[in-house]
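Worksheet for the structure shown next.
Number of protein chains: 2
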Amino acid sequence: MGPSMRDVAALAGVSPRTVSNVVNGAAHVAPGTRARVEEALRTLRYRPNAAARSLRRGRSGLVALVVPEVGSPYFGEVAARLADVAERRQWTLLIEQTGGDPARERRLLDGVRAQLVDGVVFSPWSLGPDEIAARRDTAPMVLLGERGPEGVADHVVIDNVAAARDATAHLLALGRRRVAMLGAASGVGEDTARLRREGYRQALAAAGLAPDPALEVPVGALHRADGARALEALLDAGTEVDALFCSTDELALGALRVALRRGLRVPDDLALVGVDDIEDGRYATPSLSTVAPDKEAVAEEAARCLAERMDGAAGEPRTVLAGHRLVPRETTGAARAPA
Amino acid sequence: MGPSMRDVAALAGVSPRTVSNVVNGAAHVAPGTRARVEEALRTLRYRPNAAARSLRRGRSGLVALVVPEVGSPYFGEVAARLADVAERRQWTLLIEQTGGDPARERRLLDGVRAQLVDGVVFSPWSLGPDEIAARRDTAPMVLLGERGPEGVADHVVIDNVAAARDATAHLLALGRRRVAMLGAASGVGEDTARLRREGYRQALAAAGLAPDPALEVPVGALHRADGARALEALLDAGTEVDALFCSTDELALGALRVALRRGLRVPDDLALVGVDDIEDGRYATPSLSTVAPDKEAVAEEAARCLAERMDGAAGEPRTVLAGHRLVPRETTGAARAPA
Chain A
1 MGPSMRDVAA
11 LAGVSPRTVS
21 NVVNGAAHVA
31 PGTRARVEEA
41 LRTLRYRPNA
51 AARSLRRGRS
61 GLVALVVPEV
71 GSPYFGEVAA
81 RLADVAERRQ
91 WTLLIEQTGG
101 DPARERRLLD
111 GVRAQLVDGV
121 VFSPWSLGPD
131 EIAARRDTAP
141 MVLLGERGPE
151 GVADHVVIDN
161 VAAARDATAH
171 LLALGRRRVA
181 MLGAASGVGE
191 DTARLRREGY
201 RQALAAAGLA
211 PDPALEVPVG
221 ALHRADGARA
231 LEALLDAGTE
241 VDALFCSTDE
251 LALGALRVAL
261 RRGLRVPDDL
271 ALVGVDDIED
281 GRYATPSLST
291 VAPDKEAVAE
301 EAARCLAERM
311 DGAAGEPRTV
321 LAGHRLVPRE
331 TTGAARAPA
Chain L
1 MGPSMRDVAA
11 LAGVSPRTVS
21 NVVNGAAHVA
31 PGTRARVEEA
41 LRTLRYRPNA
51 AARSLRRGRS
61 GLVALVVPEV
71 GSPYFGEVAA
81 RLADVAERRQ
91 WTLLIEQTGG
101 DPARERRLLD
111 GVRAQLVDGV
121 VFSPWSLGPD
131 EIAARRDTAP
141 MVLLGERGPE
151 GVADHVVIDN
161 VAAARDATAH
171 LLALGRRRVA
181 MLGAASGVGE
191 DTARLRREGY
201 RQALAAAGLA
211 PDPALEVPVG
221 ALHRADGARA
231 LEALLDAGTE
241 VDALFCSTDE
251 LALGALRVAL
261 RRGLRVPDDL
271 ALVGVDDIED
281 GRYATPSLST
291 VAPDKEAVAE
301 EAARCLAERM
311 DGAAGEPRTV
321 LAGHRLVPRE
331 TTGAARAPA
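Protein chains in written order, with full-length UniProt numbering: chain A, 1 to 339; chain L, 1 to 339.
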């Protein structure tokens, strides 16, 4: 056992209540007194028992963000924003990655770990609505992305159909007629892929074009390497293509590298648009046109929904739509912006 | 109060001990029995009391990674690797970002949150050795980067002097004589900047060149925007320069964008080397030469040291050196690698 608050109080010459107020920030303490207590805490290397405190309060102060990959730029940016919001709300944000692995998603959704936290922000890739609905844990949960089964939990999404339609329409407005989609299906995030393909097809239809299966390219995952491989395959097959709508910026940056390496002029021979607005795209040469989800709003709305549920708000699960906007850059011929 | 293990046991027709074994994975349970228990857990929405369990065990199972920015590609990659190691060790990894803010670093080092965890992997930017040594919390800690004051905690580092020397020597071996360093000082990570500048100067000296203050460029932070601004300023000042050693890949990618936008040929007019080996650099056009720290080893060694200390290992704090290697790519004229 380490030193107790009583030990600290004795050394500082104050009451245990005062020590508690300094440790928990629960009430005003005069600066001089606070300094004496902090000195005593340091001298004794006092360590409050977090588990005991958590039992008393009935809350751990922990909120989990569960994402497929913390190392991907998109999820890294969302995590960074949510960490800022958590700091403001005095939550400790615990970040977990699933690798999109269904067993790991299930364990995090159901298992021992989730039960440590007051609330969960979950971005599922592999689990379907039924599995999410059947989860054992009862901590408040907010879903990010498209897997939000109605009636299970609040979810925060962008309008993926409209986002894909805007991106594709932008390419068609440049006069492109052979617009391929990279990521028309993928091993992960199947619902998102389906919705974005729907938006892609809607834009084609509005321009009087029929979808061509040869132009709807599936990918194994959503990384640069997958985008590179997909464009290699498309070009090697001799498919005529003058534009790419890519389901993520990472796919687009991989494809961009292949296009330039093969001597294609971008955007003259091949125009590209991605989705996510990650920082790398802004600094690529040529810079990458994209659809930017309002990541600030995604983080804010997820935190707001979660806080309300943690405070006991009842009522039907809600769907909160975060905005998005098309950001034309050099890969679709926009004037060079300053770096 | 939610349902207890006793309630679950009654519904499943087994002993509370069996329920405990299923929940904690503590012993073998026959598949049929396990299925009955899991069904009962689901039906009753049983939620074990993590705080009570943590009190009994004396461990929370939580390990914290505290980094300046979870959204930066370098820390995102390190976090992803550490999350994999944590998964294997059955730790729950809690990721916190400080923004490099000294008050936030101090709070995380000292405060209420750190005391919830069994161990901390800390990558400080702003706090100096004295402040780290004076921390109040007693949880085992491993430091990443250069701020590890001897005698306070184990720390895992790369040889920053050698890394910078290798990068600079590579540029000099191409015949470059006006090699600037971007990030020779910075608002954050001062010690790392100092060590890398030392390595840069050593390489110059070995080639018979004196350091030129005009070529040692400080930056405000280590992002693409800072690298872009630094090269703009260098070129606007009319400084003669034929190569850049950049203290991070992000700085280099920002500078690369400016170089290309200004019509410089890379590497003919300007060669570049970064540090970190982030994925964006591999897919940039031209692809970015870099010094790759062994991130796998950083994560593995940090986890190993922490596990040993958490298990009560005594002994003097250690310094563990992770490897690094030069990766020449197109920005220094290496043959085009396949994307």
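Glycine is no exception: its CB is placed at the ideal position from the N, C-alpha and C atoms.
Check                                                                                                                                                                                                 : Outcome
Check whether the Cβ atoms of residue 272(A) and residue 192(A) sit closer than 8 Å, and answer yes or no.                                                                                            : no
Residues of chain L with a CB under 7 Å from the CB of residue 331(A): which are they?                                                                                                                : Within 7 Å Cβ-Cβ: nothing; residue 331(A) doesn't reach chain L, min ~12 Å.
Please go through the same chain and pick out, in chain order, the residues whose beta-carbon is closer than 6 Å to the beta-carbon of residue 287(A), but skip the five residues on each side of it. : 329, 330
Rounded to a whole number of angstroms, what is the C-alpha to C-alpha distance between residue 284(L) and residue 224(A)?                                                                            : 11 Å
Does chain L have any CB closer than 8 Å to the CB of residue 73(A)?                                                                                                                                  : yes
Where do the N-terminal and C-terminal ends of the alpha helix (DSSP H) with residue 254(A) fall, by residue?                                                                                         : 249-261
With a threshold of 16 other CB atoms inside 10 Å of the CB of residue 154(A), please say whether the residue is buried or exposed.                                                                   : buried
Residue 280(L) CB to nearest chain A CB: under 8 Å?                                                                                                                                                   : yes
For residue 285(A), name the three-state secondary structure that DSSP assigns.                                                                                                                       : coil
How is the alpha helix (DSSP H) around residue 89(A) delimited, first residue to last?                                                                                                                : 73-89
Which residues bound the beta strand (DSSP E) around residue 137(L)?                                                                                                                                  : Run containing residue 137(L): none; DSSP gives neither H nor E here.
Classify residue 98(A) as buried or exposed, calling it buried when 16 or more other Cβ atoms lie within 10 Å of its own Cβ.                                                                          : buried
How about residue 121(A): is its C-beta nearer than 8 Å to some C-beta of chain L?                                                                                                                    : no
Could you give the residue range of the alpha helix (DSSP H) that holds residue 39(L)?                                                                                                                : 31-44
If you follow the alpha helix (DSSP H) that residue 116(A) is part of, which residue opens it and which one closes it?                                                                                : Residue 116(A) -> no alpha helix (DSSP H), and no H or E assigned at all.
Is there a C-beta anywhere in chain L that falls below 8 Å from the one on residue 200(A)?                                                                                                            : no
I'd like the list of long-range same chain contacts for residue 55(A), defined as Cβ closer than 7 Å, with 5 residues on each side in sequence excluded.                                              : Annotation note: pLDDT 49 at residue 55(A) (below 50); position unreliable, coordinate value reported separately. For residue 55(A), where only same-chain residues beyond five positions count, there are no Cβ hits under 7 Å.
Which residues in chain A have a C-beta closer than 7 Å to the C-beta of residue 165(L)? List them in chain order.                                                                                    : Residues of chain A passing the Cβ test: none, with the nearest at roughly 27 Å.
Taking the alpha-carbon positions, what's the residue 120(L) to residue 158(L) distance?                                                                                                              : 19 Å
Does residue 79(A) get closer than 8 Å to chain L when you measure Cβ to Cβ?                                                                                                                          : yes
Would you give the residue range spanned by the beta strand (DSSP E) that residue 183(A) belongs to?                                                                                                  : 179-186
Cβ atoms of residue 274(A) and residue 248(A): under 8 Å apart, would you say?                                                                                                                        : yes
So, is the C-beta of residue 19(A) closer than 8 Å to a C-beta in chain L?                                                                                                                            : no
Straight-line CA distance for residue 16(A) to residue 4(A)?                                                                                                                                          : 9 Å
Please tell me whether residue 70(L) and residue 76(L) are closer than 8 Å, where the distance is taken between their beta carbons.                                                                   : yes
Is the CB of residue 284(A) under 8 Å away from at least one CB in chain L?                                                                                                                           : yes
Would you report the Cα separation of residue 202(A) and residue 165(A), rounded to the nearest angstrom?                                                                                             : 6 Å
Applying the 10 Å Cβ sphere with the 16-neighbour rule, what's the burial state of residue 138(A)?                                                                                                    : exposed
So, is the C-beta of residue 254(L) closer than 8 Å to a C-beta in chain A?                                                                                                                           : yes
Going straight from the alpha carbon of residue 177(L) to that of residue 167(L), what length do you get?                                                                                             : 14 Å
By alpha-carbon positions, which one of 95(A), 7(A), 183(A) ends up nearest to residue 244(A)?                                                                                                        : 183(A)
Excluding the 5 residues preceding and the 5 following residue 103(A) in the sequence, name in chain order all residues of the same chain whose CB lies nearer than 8 Å to its CB.                    : none
May I ask you to verify whether the segment 226-234 of chain A touches the segment 253-270 of chain A, counting CB pairs closer than 8 Å and requiring at least 3?                                    : yes
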